[in-house]
Each structure stands twice: as structure tokens, then as C-alpha cells.
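See below:
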């Protein structure tokens, strides 16, 4: 191991299975976070086709719509990455549950490198 | 799905709290005691200097959790954290050891995942400090320098002014990489290789 120069970043690298980066799973996880659910408006998206299964499916779609307001759901790679991050958090939560230290997501945002360059 | 390889590369130092915990590594059930110990205590002096205001907030948070019986100086509370992490050792749950090395030192941790697929780079990171999950727009047609810039730029920026230091904080303490591309990325993320650009 080389002696550290000033710019060396201190971090662990953990190589995760590709499945944790799956887009669909990540999006479902993001939907289930339910940020702002308590005080925000309740969204329901109704289209002529879906009369059945109103309770769950519409709720899910409303949450998806809400999620799409915060993040660009089309940037699939990043959404998949967020799934990996959330998986990591859940695992950490499970391992430290005795300490009652909640690992929760309070904000979701888009971030860009615009100003860093 | 076949079991994916799990490795802890840890070529650079782990989160800089560990540097101040010389006692915990000997008694903790970490399966990687060598990587924890092989970091150099000398390396945390520049790190602490760089993250001075970061640490200040952290110590506030930490002292909240400890406020019931102790109010002590910053250095002492770090030592308490070390003894605490011994109490939290959970060998039965600890089946993914590399992630649990520094379970309790990470209230300022930034967990970052990065992925590269079909000529697009995506990134998301979560900051324990403000519980914020940030997603980046996918970047199309990246080169390996692009990845490197993501790692380097916040560090370089943090050396400039305080305003920059506060603003660009992707200094991940945990970096999650998809197993599909470990080789090329590892080479890119090697700290020795980074020095070339500066």
C-alpha cells in the first residue's frame, strides 16, 4: 500500500452483484420510500383501462408519478445505483437493528456535476 | 444467479474515524483486521484538516446520542465510539463482513454506487448526515477519466474554499460497484493512478 498522498480518497470498495443494480427493483424501492406522503397531495392517476385493482395499483402509480417529480426516472443507470445504495442501507439496518439507529431516507434529489467542473 | 464475488479492496484508508480507533480493531470480529490496521495514523491528519467543519457537525450529532451521561471533548468522544463499536459486535449477523467493519463510525458516511452499462454512467449516493439520497443523471459516452473525475473533483474542490468544500461532498466512504466490471474500474480507482492527473 503506498503512502497516502493528499488526494487519496478514504473509502471501501464493495463489489456487489449485478442484480442489486437492477432498474425495476430499484424503482420499486424508491417508490416505497414514500417521501412527503403525509402532508403532500394524494395523487391518483386514472386511465380508462384500470377499473379493477384500484387500491394497490393506483396507489403505486401515484407514487411513481410523485417519484418522477423528484428524480429523472429515465436515467436508468443512476436509478439502479440508488437501488444498490438502498440495498446497502437495508442490510446495514438489519445488522445494526439492536442499536435502534434508524437509517432512513429523508430526501431524494437529483444531483449534477455542473458546478463542480 | 451465481454467487457474486465479494471483496473488500480497501486500498485507500477506510473512513477516517478508524484511524483514531487503534484499540477497537484488535477486539472487533472484523474478518479483515489487516486492512483496518494497515491504514496509517499519519494519514488522518490531512483528512481531518480537510473535513474540519464536517467533523464539527458530526461531533454535534454524536454528542446528542451520548448526551445522557457524557459531555466530553471531541477526542474523547471518538474514543468512546471505539469502545462502543466493541459492544456492538454481532458475529452472528456478520455474514457480510466487509460492510460491517466500521458500523458505528459512519454517521457521516457517504455511500455511493456507480454503474456503467451500455456506454452510460450512472451514480447515486446517500449521505448519512442529512439522510439524502442523490441521483445523478446518466452520463452518456463516458471515458474512464470521467469516473475518475467524479472521485477526484470533490477532493480537489474541497481544497479551494469553504464554499466549495461544503458544496461538493461526494467523498464516499463506501463505494458500491456492480460486479460486472470490476477489473477496469479497479484500475481506474487506484489511488496511485489518480496522482497522474494532478
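Protein chains in written order, with my numbering: chain A, 1 to 117; chain B, 1001 to 1198. We put the CB at the ideal spot given by N, CA and C, even for glycine. Given the structure is predicted, the values throughout are model-derived calculations rather than measurements.
Is residue i near the ligand ADP - that is, is its Cβ less than 7 Å away from at least one heavy atom of it?
i, result
"residue 83(A)", "For the structure depicted, the ligand ADP is absent and the ligand set is empty, with no information on it obtainable."
Where residue i and residue j are concerned, what is the direct C-alpha to C-alpha distance, given to the nearest angstrom?
i, j, result
"residue 1109(B)", "residue 1127(B)", "6 Å"
"residue 94(A)", "residue 88(A)", "10 Å"
"residue 81(A)", "residue 65(A)", "20 Å"
"residue 1174(B)", "residue 14(A)", "7 Å"
"residue 1177(B)", "residue 1113(B)", "6 Å"
"residue 1117(B)", "residue 23(A)", "12 Å"
"residue 1124(B)", "residue 86(A)", "10 Å"
"residue 118(A)", "residue 1115(B)", "The requested residue 118(A) is not part of the displayed model; chain A covers only 1 to 117."
"residue 1138(B)", "residue 26(A)", "15 Å"
"residue 28(A)", "residue 17(A)", "18 Å"
"residue 109(A)", "residue 91(A)", "22 Å"
"residue 79(A)", "residue 61(A)", "17 Å"
"residue 77(A)", "residue 1134(B)", "13 Å"
"residue 1120(B)", "residue 59(A)", "31 Å"
"residue 11(A)", "residue 1172(B)", "6 Å"
"residue 73(A)", "residue 1132(B)", "17 Å"
"residue 30(A)", "residue 1140(B)", "23 Å"
"residue 67(A)", "residue 1111(B)", "21 Å"
"residue 75(A)", "residue 69(A)", "13 Å"
"residue 1129(B)", "residue 71(A)", "20 Å"
For chain A, find out if any of its Cβ atoms is closer than 8 Å to the Cβ of residue i; answer yes or no.
i, result
"residue 1117(B)", "yes"
"residue 1136(B)", "yes"
Does the Cβ of residue i have 16 or more other Cβ atoms within 10 Å, making it buried, or fewer, making it exposed?
i, result
"residue 20(A)", "buried"
"residue 1136(B)", "buried"
"residue 106(A)", "exposed"
"residue 1122(B)", "buried"
"residue 83(A)", "buried"
"residue 179(A)", "This structure leaves residue 179(A) out entirely; chain A is present only between 1 and 117."
"residue 112(A)", "exposed"
"residue 104(A)", "exposed"
"residue 63(A)", "buried"
Using a Cβ cut-off of 8 Å (strictly closer), state whether residue i contacts chain B.
i, result
"residue 24(A)", "no"
"residue 31(A)", "no"
"residue 16(A)", "yes"
With a threshold of 8 Å between beta carbons, is residue i in contact with chain C?
i, result
"residue 104(A)", "Although the question refers to chain C, the structure presented lacks it and instead comprises the protein chains A and B."
Query raised in the report: What residues in the stretch 55-78 of chain A bring their beta carbon closer than 9 Å to a beta carbon of chain B?
Result: Per Cβ criterion, the list reads 70, 71, 72, 74, 75, 76, 77, 78.
Query raised in the report: In chain order, which alpha helix (DSSP H) runs of at least 4 residues are fully inside the stretch 54-86 of chain A?
Result: Along the length of the stretch 54-86 of chain A, whole alpha helix (DSSP H) runs at least 4 residues long occupy 59-70, reported in chain order.
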